[in-house]
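Chains as they are written, first to last, in the UniProt record's numbering: chain A, 1 to 244; chain B, 1 to 244. Glycine included, C-beta positions come from ideal geometry on N, C-alpha and C. This one's a predicted model, so the numbers in the text were calculated from it and none came from an experiment. Structure, as structure tokens:
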């Protein structure tokens, strides 16, 4: 499986994805699940992918290949909404092409697409396997795809559109990844992260920040979070029912 | 949905289930998902159910109805293993009877069955929708059914077969329920809990301990856990990458 999360806050956007892909436990490999499309000072788009690897790779290959063509592509669509429409259409195209082989395989994939195109604010979309999509709002400022449930409670507790700064969002994201990795073998390090500050257009071709297995900050965060949780847990009173 | 968890520790067994059943958001109701079978000082068996409500109720009705018959039932099977076989067989019987109506409905159900029969130690089984089952071991001292992922990380962090006392297990269980309830509308209070101390056979016909919406302990636990988490989170350092 996979775990990807993207957040759209007043301060900007944050994207993170793990890199583990598996088909059965003896078939574990690392693949990037994060793709960036940029025109310096004009547009920054990040796509995260989860689901059938053949589908997600094919969709992203087509998206890339078409950047140099005459048609609509991620570097010329007029809005991020149109980028989501394009991604959804390409997904349907690939699934339609491949799925006639049948054989009970799930060809589906989910995508998170977000970023900013000059002239509009930062936006974030979740593109469903059916090719339709929803957009993040101030009430629901984040989306997850893949193994999303283990790491959801901490995000629900912490994240607020108006008041959460990006550095706190990054910390929250990594704690969310830690909870997921602790409980689910199919999600693993390294983690790729990209942050886009609102209206800055400064990411310009920088690679994602990669958090490796021995990243000292992540190791310290894991240890601090685990010890802190344990301390809070130990200090909470026991069920009085049990003393009866 | 539903959330049920059962733990088998050196100290004994702990069972907990929520009571919310839903079929679509406008069809939410409370049903008990916990069933007890006891012979004072001889055997204590607890069953938790998740899945299709028609299936789980029918399985438990048959299990109850047959207690007064001549055949095998939960009050005369010689071991807890045989109780799991019986539950699995009854589940297959009900699904076989009902599922010929088809209509794309999921008739499946999962059960947790645990307890102690005099002559053997406490045991715990997870009965799958197919009627087969697995047994909890010292390495895997707990099972969850229903909406299990949100509340799994805290159990993985805290629970140890040898060293976790039952009161701590109960606290851990309620924190796990709190995380689930925070992130998933389909799981709700009240929560039913039963504890069976190893080799005590003292539960004898006591109803489960019910934690209602306004239970002062649970409210304090929620508040303490939430504030504690937030404090630990705030004290963790931010990603140094962001300062660059």
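What is the DSSP secondary structure of residue 42/A, counted as helix, strand or coil? coil
Could you check whether the Cβ of residue 238/B sits closer than 8 Å to any Cβ belonging to chain A? yes
Enumerate, from N- to C-terminal direction, the unbroken beta strand (DSSP E) stretches of 3 or more residues contained entirely within the stretch 165-237 of chain B. 191-197 and 209-211
What residue range is occupied by the uninterrupted alpha helix (DSSP H) comprising residue 81/A? 80-98
Inter-residue CB distance, residue 121/B and residue 198/B (contact presumed, cutoff 8 Å): 7 Å
In the DSSP output, which residue or residues are listed as bridge partners for residue 145/B? 4/B
Which class does residue 162/B belong to by DSSP, given the choice of helix, strand or coil? coil
Whose CA, out of 126/B, 66/B, 9/B and 108/B, lies closest to the CA of residue 1/B? 108/B
Burial state of residue 235/B (16 or more Cβ within 10 Å): exposed
Inter-residue Cα distance where the pair is residue 158/B and residue 147/A: 22 Å
Examine the Cβ distances between the stretch 121-133 of chain B and the stretch 179-199 of chain A and report whether three or more of them are shorter than 8 Å. no
Along the stretch 132-147 of chain A, what residues have a CB closer than 9 Å to any CB found in chain B? 147
In the DSSP assignment, what residue or residues form a beta bridge with residue 17/A? 4/A and 192/A
Looking at C-beta atoms only, is the number of pairs between the stretch 211-220 of chain A and the stretch 183-191 of chain B that lie closer than 8 Å three or more? no
Give the residues from the stretch 109-129 of chain A that approach chain B closer than 8 Å (Cβ to any Cβ), ordered along the chain. none
Is residue 16/A buried or exposed, if buried means 16 or more other CB atoms sit within 10 Å of its CB? buried
Measure the alpha-carbon distance for residue 80/B versus residue 50/A and round it to whole angstroms. 42 Å
Contact with chain B by residue 170/A, beta-carbon distance below 8 Å: yes
Name, going along the chain, the residues of the stretch 146-167 of chain A whose beta-carbon falls closer than 7 Å to a beta-carbon of chain B. 149, 150, 152, 153, 156, 157, 158, 166 and 167
Beta-carbon of residue 194/B versus every beta-carbon of chain A: anything under 8 Å? no
On the DSSP bridge list, what partners appear for residue 34/B? 48/B
Consider the Cβ of residue 233/B: report whether some Cβ of chain A lies at a distance smaller than 8 Å. yes
Suppose you measure from the CA of residue 83/B to the CA of residue 133/A; what does that come to, to the nearest Å? 47 Å
Reference residue 194/B, options 239/A, 152/A and 151/A, closest by Cα: 239/A
What is the DSSP secondary structure of residue 109/B, counted as helix, strand or coil? strand
Just to make sure I have the definition right: I need the residues of chain B whose C-beta is within less than 9 Å of the C-beta of residue 175/A. Which are they? 233 and 236
Between which two residues does the alpha helix (DSSP H) holding residue 62/B run? 53-65
In terms of residues, what are the limits of the beta strand (DSSP E) holding residue 123/A? 123-127
Contact between the stretch 67-76 of chain B and the stretch 94-106 of chain B: three or more CB pairs below 8 Å? no
Could you tell me the alpha carbon to alpha carbon distance between residue 160/A and residue 143/A, rounded to whole angstroms? 13 Å
Residue 213/B CB to nearest chain A CB: under 8 Å? no
Nearest CA to the CA of residue 3/B: which residue from 212/B, 178/B and 222/B? 178/B
Per DSSP, which residues does residue 135/A bridge with? Please list them. 125/A
Under 7 Å between beta-carbons, which chain A residues line up against residue 224/B? List them in chain order, please. 236
CB of residue 192/B within 8 Å of CB of residue 32/B, strictly: yes
Using only alpha-carbon positions, find the residue among 40/A, 91/A, 64/A and 34/A that is nearest to residue 55/A. 91/A
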